[in-house]
Amino acid sequence: MTPRNAAALSGLLRGKNAVNLAPEQVPKLLATRASPARVEDGVCLRDPPGARYPLDEIPRRDAAVGANRVLFDYARRGMVPEVLDQFSVARRGGVLVDSATLSCVLKACRSVPDRVLGEQLHCLCVKCGHDRGEVSAGTSLVDMYMKCGSVCEGIEVFEGMPKKNVVTWTSLLTGCAHAQMHSEVMALFFRMRAEGIWPNPFTFASVLSAVASQGALDLGQRVHAQSVKFGCRSSVFVCNSLMNMYAKCGLVEDAKSVFNWMETRDMVSWNTLMAGLQLNECELEALQLFHESRATMGKMTQSTYATVIKLCANLKQLALARQLHSCVLKHGFHLTGNVMTALADAYSKCGELADALNIFSMTTGSRNVVSWTAIISGCIQNGDIPLAVVLFSRMREDRVMPNEFTYSAMLKASLSILPPQIHAQVIKTNYQHIPSVGTALLASYSKFGSTEDALSIFKMIEQKDVVAWSAMLSCHAQAGDCEGATYLFNKMAIQGIKPNEFTISSVIDACACPSAGVDQGRQFHAISIKYRYHDAICVSSALVSMYSRKGNIDSAQIVFERQTDRDLVSWNSMISGYAQHGYSMKAIETFRQMEASGIQMDGVTFLAVIMGCTHNGLVVEGQQYFDSMVRDHKINPTMEHYACMVDLYSRAGKLDETMSLIRDMPFPAGAMVWRTLLGACRVHKNVELGKFSADKLLSLEPHDSSTYVLLSNIYAAAGKWKERDEVRKLMDYRKVKKEAGCSWIQIKNKVHSFIAFDKSHPMSDQIYKKLKVIITRLKQDGYSPNTSFVLHDIAEDQKEAMLVAHSERLALAFGLIATPPGTPLQIVKNLRVCGDCHMVMKMVSMIEDREIIMRDCSRFHHFNGGACSCGDEQTHEKAPPEAQLHCTSQIQVVVLIPVEFLRWVIIILLGGASSWVISLNLKECTEGADMMVLIASAAVLQFAVALFIKFVSNLPTKFMILD
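The numbers in the sequence shown follow full-length UniProt numbering, run straight up by one, and end at 963.
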C-alpha cells in the first residue's frame, strides 16, 4: 500500500466518523471472529497497515469471510484504490469470489470509472456464474456500465438478468437520464410499473430529472401523482426533484407550492428553489428567499454561494457581490472553483473587469474550462476583445480544451478575422455539429454579411433546434432576403419545429425589405396571432418597424398603440416611421412621450427625430434636439448624426452653416456627409460648392456612380455642357456604370419591375396607351411638363418623351390598369423621384381618386387628393424659377376649407355680381343710354366671369394640414 493511501486512510480514521470510537473498539471493528490470532502490542490499528495485520493472521479456511469484511470496510470509507488492491491480493491468494465481493468491487470500479477493469470483472462474473444468479451482481454490472458511459452494454446486461429489483431498474433509469436518453427513461419507467415493480424515492428522482430536461410538463405531473400514490411525497429527495422539474417547465408557483408543503428541508431544497427562481427570471424573489433562509440554513454551502452570486451578476448588484466575496473568504471557499468563477462572472457583468481578472489570477490551481470561459465572456461583454483573444490563446497553451460555450462566447466578438479561425478550431475539435456552436457560427458569419457561409454551417448542424432556425432566419433578414426567409420558415413548419417569438420577429424583419411583397408581412402578423406571440415585445416591435417601412404607417400606429409594454426598439421604430413618412409633428410628439415615460434614449432615437425635422424644414427644432443629445444625454454624435444635420441645413439653403458644421466635426467627414452636401448643391444650383464636395467624395469612393451623376447634373443644370461631358468621360475611363432607375409595384402577390422606356412587360402596349391617356387628361387640367429635370441637350419634345417614360410612371400606369378603381397603389423606386413625376403623381391621385404611396431612396410620399405628405418643398428637386413661371400646374391655392365649398362660393358671388351689373345696365338702358354699348359690355363681362370660373375649377388645391 502506497504512503499516500496510508496517509489518506489515517486522516479518514482521525476524521469526524472516528472521533467517538474508543481505541479499544477499533480492533473489534476490524477483526474477524474466525481469527484466533492475538493482536500484538505496538500495532497501530488506525492506519491501513495496522488494519490489515489481523487479516494476515486469519487462517486460510476463513479467508473469504475476512477478505469481504475488509473490502466492505474499505468501500464504506470510500477507499477505492485499497478496495482494488485488496481484491487483487485475495485473487492471487486463491480466495473464492462470491457475488457480494464482486458487487463491492464493481461499485469501486464505477467510482473510478474504469471501463476496462469493469469488463474484466464482468468476465469474472460470467466465469463464476454470478451474472445471472444473484441480483446484486447484475445490478452492480448495470450500474458500472452506466457510470462508465457504456449505455448499450448496461442495457444488454439488464435485459439478460432473469431477476430484477427496484435497485436494478433505478440504476438503469439513472444511467439513461445521465446519457440524455430522456424518452427511453419514461418508456422504462412505465415498463417497470407494468411489471409490478414499486419505485422508490431514488427512482422518482431519476425520472423527474429526465422530465425536467425535456420540459415535458404533462409527464412530470403524472410522475408527481405516482410519487404521491406510492408514499414518496414526503421524501426530501423527491420534493427537491419535483421543484427542479416544475422550475424547468416554467411553473414557478408550483415549485414554490412543493417547497412550502415540505415539512423537512435540507440545503439542497433552498438551493433548488433559488436556482429555479433565477432560471425563470425571478431574481429579486430569489434574493428575498436567500435572506429568509439565512436563519434556517445555518452555514451556507458552496452551491448556495454560487447560486446567490449568480443572482448578483444578473441583477448587477455589485455591493452585495462584494459582501458575499467577504463571506466566501471568511468561510474558506476561496479555493473552490465554482464559487470563484461565479464571483469573476459577477464582477465582469457589473463592469468591474479588473476585479474579475484579479480573482481569475488567484485561481491558478482550480482553473478549468468553465472559469476560462467565464473570464473570456467577461472581457467580450466589457468590450475588451483583444484581451479575450489573448486569454483564449493562453487557455489553449495551458492545455485546457475549449468547449461549446467557449467557442460560442468567442464568436460573439465583433472581429471579422475571428469567425474563420474559430471555425477551423471548431472543426479540429469536432464541435461543428453541436447546435449551440453551429448557431453561434452562422450568427457570426451573418453579422459580417456572409450569408452563403452561414447557410453552409446551418446545413451541417445535425439536430437543429428552434434557436438555430431563428438565427438562420435572422441572417436572411439582415441580408434583405425575404424569399429565402419565407422558404426557410415553411421548411421549418414542415419539419414540425414550433416557432418561438424570436423566430417570428426575425421573419417579420425579413418582410420589411424593399423586395418583399406588401401582404407577406400581414400574413406573418396573422401567424404571430395564431401562436399568441403578437403581444411579445420583440414581435410587436418588429411589426411596427415592418409596417412603417412598407408604407402602412396607420397599421404601425395601431400596433404601437396596442403595446402594453414598449422597449427602446418600439419607440425608435415609431419615431423613425413618422419621420420617413413626413409626419414630423407626430414624430416630435412621440419623442416627447418617450421622454416622459423615462425610457433611456440612444443615438438612433435622436437620429430619427432629427430626420423628421429635416424632412419638414424644422431647422431650429432639429438643432435643439442635436444640442440636447450632446449636452443632456451625453451621447457622442456619429457620422450619421452629422450627415443628418448637414441635410437639415442644406435643404433649407443654409450652405454656409453647413460648411461651418463640417469644419467643426471632431473627425473627418465621411462619404455620407459629402454625398448629402452634393445633393443639396444639385438642388440649389451651387456649382462651386458642388465641385468641392464631389472632389472630396471621389477621393473617398472613386467608384461610386452617384457622385458622377450628381456632379454631371449640376453642370447640366447650369448649362456647362463641356464640364458635364468631361465628367461622363471620366466615368467611362474609370469604368463606372450608372445605376439604372427601377420601380416596383405588387399586384396580386406578384412583384412587377419597370425601368425607363421598358417594353418587356407583357402588357406594355396597354401601359403606354394608358400613359398617353393620363398625360392628355393632365394637360387638359393645366399640366405642363417640367423639362428642366431632363438634363440633356436635346429638343423639348424629346425631353417630354423622356419624362413620360420614367419607370415610376410605367409602374403607375400598370397599377391603374391592373387594379379596380379606388384601390390604393404602392410603388417603390431605387432612386429619388424627380419633381415632374412628383407633380404627375399628385394630379393622378386627384383625378383618379386614388391613394398612391411611393417610396424612393429618401423617404415615403403619400399622394392623396392632389397633395403629398412631403410638403412638396423638401423632398424632391426644385425646378428653376423660370421653369415655374410657364408651368401652370405649379400654381396652388392654399385654403383651410373644402375645395368644392370655395368654388361654389366664388361662382355664386361672381354670378350675382354679373347679374347685378346686367340689371343695372338694363335700368340705364331705359333711361336712354346706348343699347348696343350696354349689351356689348354685359356680354364681355359674362364671358370674363365664365373664363374665371373655369380657371378656378381647374386649380389643384393643397390643404394646409396642421400636425
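Just so it is clear, CB atoms sit at the ideal spot from N, CA and C, and this is done for glycine as well.
Worksheet item: Rounded to whole angstroms, how far is the Cβ of residue 820 from the Cβ of residue 800, which I believe are closer than 8 Å?
Response: Your numbering for residue 820 matches position 820 in the sequence shown. Your numbering for residue 800 matches position 800 in the sequence shown. With 8 Å as the limit, residue 820 and residue 800 do not qualify as a contact, their Cβ atoms being about 31 Å apart.
Worksheet item: With 16 other CB atoms within 10 Å as the buried threshold, where does residue 894 fall?
Response: What you label residue 894 is simply residue 894 of the sequence shown in a count that begins at 1. With a pLDDT of 33 at residue 894, under the threshold of 50, the predicted position of this residue should be treated as unreliable, though the coordinate-derived value follows. With fewer than 16 other Cβ atoms within 10 Å, it is exposed.
Worksheet entry | Sheet register partners of residue 751 (DSSP bridge) | Within the sequence shown, numbered from 1, the residue matching residue 751 stands at position 751. Per DSSP, 746.
Discussion item. Using only the alpha-carbon positions, how far apart do residue 807 and residue 711 sit?
Written reply: Locating residue 807 in the sequence shown gives position 807, where the first residue counts as 1. Locating residue 711 in the sequence shown gives position 711, where the first residue counts as 1. C-alpha separation (whole angstroms): 22 Å.
Discussion item. Here's the rule: buried if 16 or more other CB atoms are within 10 angstroms of the residue's CB, otherwise exposed. What is residue 674?
Written reply: Within the sequence shown, the letter at position 674 stands for residue 674. With 16 or more Cβ atoms within 10 Å of its Cβ, residue 674 is classed as buried.
Practice prompt. Starting from the C-beta of residue 603, find all residues in its chain whose C-beta is less than 7 Å away, skip the five residues before and the five after it, and write them out in chain order.
Written response: Here residue 603 is taken as the residue at index 603 of the sequence shown, counted from 1. Take residue 603, set aside five residues on each side of it, and the residues of its chain with a beta-carbon closer than 7 Å to its own are 635, 638 and 641, in chain order.
Fill in: Supposed contact pair residue 368 and residue 339 - C-beta distance, whole angstroms, cut 8 Å
Stepping through the sequence shown from its first residue, residue 339 is reached at position 339. Stepping through the sequence shown from its first residue, residue 368 is reached at position 368. Your pair residue 339 and residue 368 does not check out as a contact, with CB atoms roughly 13 Å apart and the cut at 8 Å.
Worksheet item: Three-state secondary structure (DSSP) at residue 251?
Response: As a position in the sequence shown, residue 251 is number 251, starting the count at 1. In this structure, residue 251 counts as coil in the three-state DSSP scheme.
Discussion item. Short of 7 Å in beta carbon distance, which residues of its chain neighbour residue 513, apart from the five on each side in sequence? Order them along the chain.
Written reply: For the purposes of this step, residue 513 is identified with residue 513 of the sequence shown, where counting begins at 1. Excluding sequence positions up to five before and after residue 513, its CB lies within less than 7 Å of the CB of 480 and 482, all in the same chain and listed in chain order.
Practice prompt. Compare the beta carbon distance of residue 539 and residue 558 with 9 Å and say whether it is the shorter of the two.
Written response: Position 539 of the sequence shown, counting from 1, holds the residue named residue 539. Position 558 of the sequence shown, counting from 1, holds the residue named residue 558. Not a contact, by the Cβ cut-off of 9 Å.
Fill in: Rounded separation between residue 733 and residue 714 - CA only
Here residue 733 refers to the residue found at position 733 when the sequence shown is read from its first residue. Here residue 714 refers to the residue found at position 714 when the sequence shown is read from its first residue. When rounded, the distance between both Cα atoms is 20 Å.
Discussion item. According to DSSP, simplified to helix, strand and coil, what is residue 794?
Written reply: Taking the sequence shown and counting its residues from 1, one reaches residue 794 at position 794. Looking at residue 794 - three-state DSSP - the assignment turns out to be coil, as it is neither helix nor strand.
Worksheet item: According to the Cβ coordinates, are residue 353 and residue 314 closer than 9 Å?
Response: As a working mapping, residue 353 is identified with position 353 in the sequence shown. As a working mapping, residue 314 is identified with position 314 in the sequence shown. Not closer than 9 Å, so no.
Discussion item. Give me, in chain order, the residues of the same chain whose beta-carbon lies closer than 6 Å to that of residue 492; leave out the 5 immediate sequence neighbours on both sides.
Written reply: By one-based count along the sequence shown, residue 492 stands at place 492. The answer, listed in chain order, is 469.
Worksheet item: If you draw a straight line from the alpha carbon of residue 325 to that of residue 219, how long is it in whole angstroms?
Response: Reading the sequence shown from its first residue, position 325 is the one you call residue 325. Reading the sequence shown from its first residue, position 219 is the one you call residue 219. Computed Cα separation, rounded: 41 Å.
Practice prompt. Compare the beta carbon distance of residue 319 and residue 343 with 9 Å and say whether it is the shorter of the two.
Written response: Translated into the one-based positions of the sequence shown, residue 319 becomes position 319. Translated into the one-based positions of the sequence shown, residue 343 becomes position 343. Not in contact: residue 319 and residue 343 (Cβ atoms no closer than 9 Å).
Worksheet entry | Residue from 709, 607 and 803 with nearest C-alpha to residue 726 | The count along the sequence shown starts at 1 and reaches residue 726 at position 726. The candidate whose alpha carbon is nearest that of residue 726 is 709.
Fill in: Where residue 616 falls, given that 16 or more other Cβ within 10 Å makes a residue buried
Position 616 of the sequence shown holds residue 616. The residue is buried, with at least 16 neighbouring Cβ atoms inside 10 Å.
Worksheet item: DSSP beta-bridge partners for residue 868?
Response: Reading the sequence shown from its first residue, position 868 is the one you call residue 868. Paired residue(s): 863.
Worksheet item: Going by C-alpha distance, which of 564, 585, 281 and 584 is nearest residue 597?
Response: Position 597 of the sequence shown, counted from the start, is the residue given in the question as residue 597. Residue 564 holds the alpha-carbon nearest to the alpha-carbon of residue 597 among 564, 585, 281 and 584.
Worksheet item: Any chance the segment 526-538 sits against the segment 834-850, with 3 or more Cβ pairs inside 8 Å?
Response: Taking a cut-off of 8 Å on C-beta distances, the segment 526-538 does not touch the segment 834-850, as fewer than three cross pairs fall below it.
Item to complete: Would you identify the three-state DSSP class for residue 736, choosing helix, strand or coil?
Response: On the sequence shown, residue 736 is found 736 positions in, with the first residue counted as 1. In the three-state reduction of the DSSP assignment, residue 736 falls in the coil class.
Item to complete: Let me know if residue 169 comes out buried or exposed under the rule of 16 or more other beta-carbons within 10 Å of its beta-carbon.
Response: Locating residue 169 in the sequence shown gives position 169, counting from the first residue. Result: buried.
Worksheet entry | For residue 829, the first and last residue of its enclosing alpha helix (DSSP H) | By one-based count along the sequence shown, residue 829 stands at place 829. For residue 829, there is no enclosing alpha helix (DSSP H); the enclosing beta strand (DSSP E) has its first and last residue at 825-829.
Worksheet item: From residue 722 to residue 730, what distance separates their C-alpha atoms?
Response: Counting from one through the sequence shown, the residue named residue 722 turns up at place 722. Counting from one through the sequence shown, the residue named residue 730 turns up at place 730. Each residue's alpha carbon lies about 13 Å from the other.
Item to complete: Find the nearest neighbour of residue 703 within the set 735, 680 and 122, judged by alpha-carbon distance.
Response: Counted from its first residue, the sequence shown places residue 703 at position 703. Comparing Cα-Cα distances from residue 703 to each of 735, 680 and 122, the minimum goes to 735.
Discussion item. Does residue 855 come out as helix, strand or coil in the three-state DSSP assignment?
Written reply: Numbered from its first residue, the sequence shown carries residue 855 at position 855. Residue 855: strand per DSSP, three-state reduction.
Fill in: Element boundaries [alpha helix (DSSP H), containing residue 196]
The residue given as residue 196 occupies position 196 in the sequence shown. Per DSSP, residue 196 lies in no alpha helix (DSSP H) segment and is marked neither H nor E.
Worksheet item: Where does the unbroken alpha helix (DSSP H) through residue 530 begin, and where does it stop?
Response: Within the sequence shown, numbered from 1, the residue matching residue 530 stands at position 530. Where residue 530 is concerned, the enclosing alpha helix (DSSP H) stretches over 520-530.
Item to complete: May I ask you to report which of helix, strand or coil DSSP gives residue 439?
Response: For the purposes of this step, residue 439 is taken as the residue at position 439 of the sequence shown. Three-state result, residue 439: helix.
Worksheet item: Hey, residue 185 and residue 177 are a contact pair by Cβ (cut 8 Å); roughly how many whole angstroms apart?
Response: Residue mapping note: residue 185 aligns to position 185 of the sequence shown, counting from 1. Residue mapping note: residue 177 aligns to position 177 of the sequence shown, counting from 1. Indeed, because the Cβ distance is near 5 Å, the residues count as touching under 8 Å.
Worksheet item: Could you give the C-beta distance for residue 754 and residue 810, rounded to a whole number, given that I count them as a contact under 8 Å?
Response: Locating residue 754 in the sequence shown gives position 754, where the first residue counts as 1. Locating residue 810 in the sequence shown gives position 810, where the first residue counts as 1. Between residue 810 and residue 754 the Cβ distance is about 4 Å, and since that is below 8 Å, they are a contact.
Discussion item. Taking the alpha carbon of residue 376 as the reference point, which residue from 464, 426, 581 and 407 has its own alpha carbon closest?
Written reply: Looking up residue 376 in the sequence shown gives position 376. When the alpha-carbon of residue 376 is set against those of 464, 426, 581 and 407, the nearest one is in 407.
Worksheet item: Does the Cβ-Cβ distance between residue 442 and residue 409 come in under 9 Å?
Response: In the sequence shown, the residue the question calls residue 442 occupies position 442. In the sequence shown, the residue the question calls residue 409 occupies position 409. Using a Cβ distance threshold of 9 Å, residue 442 and residue 409 do not count as a contacting pair.
Item to complete: Give me the Cα-Cα distance between residue 462 and residue 427, rounded to the nearest whole angstrom.
Response: Your numbering for residue 462 matches position 462 in the sequence shown. Your numbering for residue 427 matches position 427 in the sequence shown. Roughly 14 Å separates the two Cα atoms.
Discussion item. With a threshold of 6 Å on Cβ separation, who are the neighbours of residue 36 within its own chain once the five nearest residues in sequence on each side are excluded?
Written reply: Taking the sequence shown and counting its residues from 1, one reaches residue 36 at position 36. At residue 36 the pLDDT is 37, less than 50, meaning the model places this residue with poor confidence; the figure from the coordinates comes in the next sentence. Once the five neighbours on either side are set aside, residue 36 has no close Cβ partner at all.
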